[in-house]
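K.L.:
The following block contains the structure, expressed as structure tokens.
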Amino acid sequence: MVWKPHVTVAAVVEEAGRFLLVEEMVEGRRCFNQPAGHWDPGESLLDAVIRETLEETAYAFEPEYLTGIYHWEHPGKDLTYLRFAFGGKLGPQRQDYALDTGIIGPVWMLPAEVDAAHEHLRNVMVQRCIGDYLAGKRYPLEILHSLTD
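At position 100 of the sequence shown (counting the first as 1) the number is 100 in full-length UniProt numbering, and the numbers step up by one without a gap.
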């Protein structure tokens, strides 16, 4: 068996004490996640988080810093995730934009509401990313390097 970790990106966005999450259907289950998704071939991590945020919320996103890098092993499946979470600010929301399949829509939640919804979170990384953001963890984007020829 070949080990293939899933590399994902996520946007951590806070406005007026509320965090932007996405309500979505995953395997028949309604859950909440940051705007997040897989890193696609040929794009930078920054391009990926901008794209995923747009696809799942219809908001433009400008990453300003890295909040953290997270390794998570799915307990019920043979899956490993490596998530790059970016903090930043939102631009305008496109009213005409069709969201990805399975996405119900964006929601804004206070940290206490996120904690209360812990059974409905997509995974443990959601709370950890918010916790690290609230703890002031900010890493400059300059630590990311693309060494393609």
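Just so it is clear, CB atoms sit at the ideal spot from N, CA and C, and this is done for glycine as well.
Please read all numbers here as calculations on a predicted model, not as lab measurements.
1. Considering only DSSP beta bridges, list what residue 160 is partnered with.
2. Quick check on residue 14: does DSSP put it in helix, strand or coil?
3. Taking C-alpha atoms, which residue in 38, 11, 71 lies nearest to residue 59?
4. Assuming residue 106 is part of the beta strand (DSSP E), what are its boundary residues?
5. Hey, how far is the Cα of residue 75 from the Cα of residue 124?
6. At which residues does the alpha helix (DSSP H) containing residue 48 begin and terminate?
7. With burial defined as no fewer than 16 other Cβ atoms inside 10 Å of the residue's Cβ, what is the status of residue 88: buried or exposed?
8. Pairs of beta-carbons, one from the region 91 to 100 and one from the region 119 to 135, closer than 8 Å: are there three or more?
P.N.:
In brief:
1. The question about residue 160 has no answer here: the residues shown for the chain are numbered 1 through 149.
2. Correct three-state label for residue 14: strand.
3. Residue 59 has its Cα closest to that of 11, out of 38, 11, 71.
4. That run of the beta strand (DSSP E) goes 103 to 109.
5. Cα-Cα distance, rounded: 11 Å.
6. It spans 45 to 57 - the alpha helix (DSSP H) in which residue 48 sits, taken as one unbroken run.
7. Burial call: buried.
8. With a cut-off of 8 Å, the region 119 to 135 and the region 91 to 100 do not count as touching, because too few Cβ pairs lie within range.
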